[in-house]
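Below: the structure, in structure tokens.
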Amino acid sequence: MNRVQMTIIWSLSIVFFVSCESAGDKRLDFALEQAGKNRI
Numbered sequence: 143m144n145r146v147q148m149t150i151i152w153s154l155s156i157v158f159f160v161s162c163e164s165a166g167d168k169r170l171d172f173a174l175e176q177a178g179k180n181r182i
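Add 142 to the 1-based position in the sequence shown for this note's numbering, that's all there is to it.
Structural data, given as structure tokens:
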């Protein structure tokens with residue numbers, strides 16, 4: 143039981159971390175795009 147719970151917690155934390163990372167990358171891309179438009 144304990145091992146199963148640990149596995150579930152690990153899986154959730156990894157999924158959460160990956161989704162946060164990808165969201166951050168999208169925001170960074172958007173910010174860079176806006177900065178590029180402002181320069182031109």
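Ideal placement from N, C-alpha and C gives every residue a C-beta, glycine not left out.
Predicted model only: the values in this text are computed from it and were never measured.
Helix, strand or coil, according to DSSP, for M148 in the structure here? Helix at M148.
Roughly how many whole angstroms lie between the Cα atoms of N180 and L174? If you take the alpha carbons of N180 and L174, they lie about 10 Å apart.
Can you give the Cα-Cα distance for G178 and D171, rounded to whole angstroms? Roughly 11 Å separates the two Cα atoms.
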